[in-house]
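Worksheet: one structure, shown below.
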Amino acid sequence: MTKERKVVVETRHLHVAINGCAVLKDVNLRLLENSFTGLIGPNGGGKTTLLRTLLGLIRPESGEVLVEGQRLGTGRKGAWVMGYVPQQIRIDRRFPLSVLDAVVMGRYGTIGLGRRAGRRDREIALDCLDRVGLVHLARVRIGDLSGGEQQRVFIARALSASPKVLILDEPMAAVDVAAQDGFYRLIKKLQQSYSLTVVMATHDIGVVPIYCDAIACLNRTLHLHGRPEEILKNEVFKKLYGSEVEVVMHGKLPHRMIGGHPHG
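Numbered per our numbering, the sequence shown spans residues 4 to 267.
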């Protein structure tokens, strides 16, 4: 008998407004332990707002976010359980910060601000860099790395805090197209090896069925949430994108077609 996985993060009747304009309406989402959820939807559909609300960076107008059954912002449980990689972090190439030091910064949520990182913290940071394939660049200045390499550093930084949940907001934005498939494989490998709950906002509908075991379709409200094979139906994407979408196979990777035209 398969053990039922527990809910790690849950939103209940979540409503969010920014500058008086409703962005999210009645969003009810449940993220299970050791799962990989792809969050898809059109531009302006509220994906980034939802992720930032899960982190406690945006306060909802009504409704609630529960982390391991406890309301976000009460007690000790909350954003500390989560690692976060935003769309893009601007780095001044002249800033004298090494890759290792950038990852060690992710430990301060654990060791506390004002306290010095110790030997154990640096060992953890080096292990995280090894997991993302960049330990050989630990002493290199982060500003000298490519956009894709910097994203790997930020993933390592998020992992260094030993989170239970990893939140990724369109992590491919700074990654070269040729390297994106390897990047997705890396995230999936990390999710499995750390037994993480991962939620990733993405526009890349084609790869979601390959790497994610759940899909959440968001356009102001949550239209569908379930296993890819259950919800990858034309009517789902028609509701989200306003046109007929068909997922077709091209080699080993699926691509989406909108109105009969392929989009890679």
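Yeah, the Cβ is synthetic: ideal placement off N, Cα and C, and Gly gets one too.
My output table needs one value for residue i: the three-state DSSP class, helix, strand or coil.
i    : result
G200 : The residue you asked about is not Gly; residue 200 is Thr in the sequence shown. The answer is strand: DSSP assigns T200 an E or B state.
T205 : coil
G76  : coil
C24  : strand
D184 : helix
A128 : helix
R272 : Summary: the structure shown does not reach residue 272, with the chain confined to residues 4 through 267, and so no result is reported for it.
F98  : coil
Quick one: what's got a C-beta closer than 7 Å to residue i's C-beta in the same chain, skipping five residues either side?
i    : result
G146 : I94, D95, R96, R97, F98
N222 : G44, P45, G48, L243
G109 : R160, A161, S163, A164
Q90  : D172, E173, A176
Please state whether the Cβ-Cβ distance between residue i and residue j is less than 8 Å.
i    : j    : result
I234 : L54  : no
S38  : V106 : no
V178 : V84  : no
V88  : D172 : yes
N31  : L199 : no
L34  : V202 : yes
G185 : R155 : no
When burial is assigned at 16 or more other CB atoms within 10 Å of the CB, is residue i buried or exposed?
i    : result
R188 : exposed
E232 : exposed
Q194 : buried
I2   : As displayed, the chain neither begins before 4 nor continues past 267, which places residue 2 out of reach and without an answer.
I9   : The question names Ile, yet the displayed sequence has Lys at residue 9. Exposed, since its Cβ has fewer than 16 Cβ neighbours within 10 Å.
I218 : buried
I21  : exposed
G86  : buried
For the ligand HEM, is there a heavy atom less than 7 Å away from the beta-carbon of residue i?
i    : result
G185 : For the structure depicted, the ligand HEM is absent and the ligand set is empty, with no information on it obtainable.
Alpha carbon to alpha carbon, how far is residue i from residue j?
i    : j    : result
L140 : C24  : 44 Å
G41  : L227 : 12 Å
V12  : S165 : 16 Å
I286 : A161 : The chain is shown only over 4 to 267; residue 286 falls outside these bounds and no answer can be derived.
G287 : G229 : No statement about residue 287 is possible, as the shown extent of the chain runs from 4 to 267 and does not include it.
L132 : V138 : 5 Å
Y197 : I61  : 27 Å
F157 : T51  : 17 Å
L27  : Q73  : 21 Å
A181 : E71  : 38 Å
E64  : R142 : 45 Å
V210 : R123 : 37 Å
S149 : V19  : 35 Å
Going along the chain, which residues of its own chain have a beta-carbon closer than 6 Å to the beta-carbon of residue i, five neighbours each way excluded?
i    : result
H16  : D29, G66
Q183 : M175
Y214 : Y187, K191
E7   : none
Please list, in chain order, all residues of the same chain as residue i whose beta carbon is under 8 Å from its beta carbon, the five residues on each side excluded.
i    : result
R125 : L103, V107
Q153 : I92, I94, I145, A177
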